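S.K.:
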Amino acid sequence: MRVIMGKGLLAANAGKARDNRLYLAQRNITAINLISSPGAGKTTLLEGTLTRLGGRLKTAVIEGDLYTALDAERLEDKAASVVQINTEGVCHLNAAMVERAMQGLEAVQTVDLLVIENVGNLVCPAGFDLGEDFKVVLLSVAEGSDKPAKYRESFAAAQAVVITKVDLLPYTDFDLPGVLQTIREINPDLPVMVTSVRTGEGMEAWCEFLGQAVAAKKAGRA
Amino acid sequence: MHEVSLIAELVNILEQSAREHGIVQVKKVRLVVGESYQALPEALATAFEVLTTDTLAAGAELEIGQVKVLFRCQECEREYGGSEWPVPCPACGSFRRTLVSGNELYLDYYEGETEADLSCE
Chain A
1 MRVIMGKGLL
11 AANAGKARDN
21 RLYLAQRNIT
31 AINLISSPGA
41 GKTTLLEGTL
51 TRLGGRLKTA
61 VIEGDLYTAL
71 DAERLEDKAA
81 SVVQINTEGV
91 CHLNAAMVER
101 AMQGLEAVQT
111 VDLLVIENVG
121 NLVCPAGFDL
131 GEDFKVVLLS
141 VAEGSDKPAK
151 YRESFAAAQA
161 VVITKVDLLP
171 YTDFDLPGVL
181 QTIREINPDL
191 PVMVTSVRTG
201 EGMEAWCEFL
211 GQAVAAKKAG
221 RA
Chain B
1001 MHEVSLIAEL
1011 VNILEQSARE
1021 HGIVQVKKVR
1031 LVVGESYQAL
1041 PEALATAFEV
1051 LTTDTLAAGA
1061 ELEIGQVKVL
1071 FRCQECEREY
1081 GGSEWPVPCP
1091 ACGSFRRTLV
1101 SGNELYLDYY
1111 EGETEADLSC
1121 E
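Going down the list, the protein sequences come from chains A and B. Mapping of the first sequence onto this note's numbering: position 211 corresponds to residue 211, and the numbering continues sequentially without gaps. Mapping of the second sequence onto this note's numbering: position 115 corresponds to residue 1115, and the numbering continues sequentially without gaps.
1) In chain B, which residues lie with their C-beta within 8 angstroms of the C-beta of LYS4/A?
2) Taking C-beta pairs closer than 7 angstroms, name the residues in chain A that ARG1019/B reaches, listed in chain order.
3) Quick check on GLU1/A: buried or exposed, where buried means 16 or more other Cβ atoms within 10 Å of its Cβ?
4) I need the DSSP call for ILE29/A, collapsed to helix, strand or coil.
5) Which of the three DSSP states is assigned to LEU231/A in this structure?
6) Looking only at C-alpha atoms, which of GLU1049/B, VAL1050/B, GLU1042/B, SER1036/B sits nearest to VAL1069/B?
7) In angstroms, rounded to a whole number, what distance separates the CA positions of VAL3/A and GLU1061/B?
8) Could you give the first and the last residue of the continuous beta strand (DSSP E) run that contains PHE1071/B?
9) Give me the Cβ distance between ASP112/A and ILE29/A, rounded to the nearest whole Å; I'm assuming they're in contact under 8 angstroms.
10) Three or more C-beta pairs under 8 angstroms: does that hold for the region 34-53 of chain A against the region 115-127 of chain A?
11) Rounded to a whole number of angstroms, what is the C-alpha to C-alpha distance between THR199/A and THR44/A?
12) What is the residue span of the beta strand (DSSP E) that ALA160/A lies within?
13) Are LEU66/A and VAL119/A touching if we call contact CB-CB under 8 angstroms?
14) Taking the alpha carbon of ALA17/A as the reference point, which residue from GLU132/A, THR51/A, GLU63/A, ARG27/A has its own alpha carbon closest?
15) At the 8 angstroms Cβ level, is TYR1037/B part of the contact set with chain A, yes or no?
16) At a CB-CB cut-off below 8 angstroms, which residues of chain A make contact with ILE1064/B?
17) Relative to the C-alpha of VAL141/A, which candidate in GLU47/A, THR195/A, GLY54/A, GLU73/A has its C-alpha closest?
18) Enumerate, from N- to C-terminal direction, the unbroken beta strand (DSSP E) stretches of 3 or more residues contained entirely within the region 59-122 of chain A.
Below, the structure written as structure tokens:
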């Protein structure tokens, strides 16, 4: 007996993501999904961002890692609420994990911005909708110029790119103009912010970008 | 690596559907995967073998249909393949394009035997 299905493998995740999106919309919360390879500086960028956003936006963070709560500990006193997800080997977050994590965030009812820091991996997270408003991909100067071409699915799925650690540019062969060109070829309208948490370069533009995203979502509801 | 998550979901869907149809043993499964998912057929097959152990799909054959990436140019409507993308539109050179196919990911069909099928043999 043959059973014709045509059922999508991500249908269950898409349903959960819809639930999360509705939950966030009802509370007027902007959610971003931060994606990068391990060590690109997601948590460091967040440290710098939360310090700067302090007076402007109230923020909660969901930290995704394979193991440990090290990242959540780093951010604990900088955000209104932080919760750690340990995927224990799973290489990406999914919508069900985020749903459970949101239930663990006391302050989630009242924040403006929810940052979901995905597991360090530039391949798998791109395919899994968490219910976020948009994905942001980080690329660090230390990783090399070939990453957008190699991991184009992540860059194609993103609504913004943050280049990190640009204070290291003089010490590397990173071809910044070439990388910006490749990103434009993958996704012509993608905003790209060039930053260094260490020197503060580009951080104001990035925070401004987040502030505008939050304001746009709130305005859309009003 | 995400092949394991995808196959775990496939096995969930299979088990639920098979129960609904009174199927006790799944013989063959056809999965359709677009190339934009960057899922390796070998890894999908290994995950399928491992995750179906002790389920009613244990030992089933997994057939994987791969779908090539195809774009439509947003400027001139030309459709073009994209195995080596990002490539500009061959007609007008624009990088603005819509993904037409290559993002499929679904269980096409499966074949199995019910209790009655097995007792006939």
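We treat Cβ as the ideally placed atom computed from N, Cα and C, and that holds for glycine. These numbers come from a predicted model, not from an experiment.
M.R.: Inspection of the coordinates gives the following:
1) Contrary to the premise, residue 4/A reads as Ile rather than Lys in this sequence. Per Cβ cutoff of 8 angstroms: ASP1108, TYR1109.
2) Per Cβ cutoff of 7 angstroms: no residues; ARG1019/B is ~12 angstroms from chain A at best.
3) Before going further, note that residue 1/A is Met rather than Glu in the sequence given. Classification for MET1/A: exposed.
4) Coil.
5) No answer is possible for residue 231/A: it lies beyond the span of chain A, which begins at 1 and ends at 222.
6) Among GLU1049/B, VAL1050/B, GLU1042/B, SER1036/B, the Cα nearest to that of VAL1069/B is on SER1036/B.
7) If you take the alpha carbons of VAL3/A and GLU1061/B, they lie about 15 angstroms apart.
8) Counted as a single uninterrupted DSSP element, the beta strand (DSSP E) harbouring PHE1071/B occupies residues 1070-1073.
9) ASP112/A to ILE29/A, Cβ: 7 angstroms. Contact.
10) With a cut-off of 8 angstroms on Cβ pairs, the region 34-53 of chain A is in contact with the region 115-127 of chain A, counting three or more such pairs.
11) About 12 angstroms.
12) 160-164 is the span of the beta strand (DSSP E), which, as asked, contains ALA160/A.
13) The Cβ atoms of LEU66/A and VAL119/A sit closer than 8 angstroms to each other.
14) Of all alpha-carbon atoms in GLU132/A, THR51/A, GLU63/A, ARG27/A, the one lying nearest the alpha-carbon of ALA17/A is that of GLU132/A.
15) Yes, because at least one Cβ of chain A sits closer than 8 angstroms to the Cβ of TYR1037/B.
16) The contacting residues do not exist; ILE1064/B stays about 12 angstroms from chain A at best.
17) Selected option, being the one with the closest Cα: THR195/A.
18) Within the region 59-122 of chain A, the complete beta strand (DSSP E) segments at least 3 residues long are 59-65, 81-86, 113-117, listed from N- to C-terminus.
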